[in-house]
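Asker: Would you mind keeping the following structure in view while I ask a few things?
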Amino acid sequence: MAIADRITVLRRGAVVGRVTPQETSPTELVVMMIGDAAPQAVRIEAKSEESIASPIALEFYKVSTVEGNQGVRLKELSFNVRAGEILGVAGVWHYLDSACKEAR
Numbered sequence: 008m009a010i011a012d013r014i015t016v017l018r019r020g021a022v023v024g025r026v027t028p029q030e031t032s033p034t035e036l037v038v039m040m041i042g043d044a045a046p047q048a049v050r051i052e053a054k055s056e057e058s059i060a061s062p063i064a065l066e067f068y069k070v071s072t073v074e075g076n077q078g079v080r081l082k083e084l085s086f087n088v089r090a091g092e093i094l095g096v097a098g099v100w101h102y103l104d105s106a107c108k109e110a111r
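The opening residue of the sequence shown carries number 8 in the numbering used here; numbering runs sequentially from there.
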């Protein structure tokens, strides 16, 4: 979070939140990722004019992977990255799977 100026969280192929590091916490980001986000935890931020005007540097359309023992990941994921943007993709499946097993 120290180097990000904006954070976008996707869940099941849809944007569930756009926040700045100053207006969120790692805990709130995890809540957005796993689907228990309260409406007040998600703040939508409009893209800056500079970001919209930047040329697209990388574009992916319907990227998919093979189904594995933990399910399908990145199924038909489409996105583009504009010049100056940084994209990170992370999942919480292993964390959630372990937490559920410990809770049982």
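The C-beta atom is built at its ideal place from N, Cα and C for all residues, glycine as well.
Given a cut-off of 7 angstroms, decide if V37 and L65 are closer than it, judged by their beta-carbon atoms.
Answerer: Contact flag unset, no.
Asker: Taking the CB atoms as reference points, tell me whether R25 and T34 lie closer together than 7 angstroms.
Answerer: Result no, Cβ atoms of R25 and T34 do not sit closer than 7 angstroms.
Asker: Can the beta-carbon of M39 be found closer than 7 angstroms to that of V23?
Answerer: Contact: yes.
Asker: Find the nearest neighbour of A9 within the set R18, L17, R19, T31, judged by alpha-carbon distance.
Answerer: It is T31.
Asker: Which of the three DSSP states is assigned to V2 in this structure?
Answerer: In the structure as shown, the chain starts at 8 and stops at 111, and residue 2 therefore has no counterpart that could be examined.
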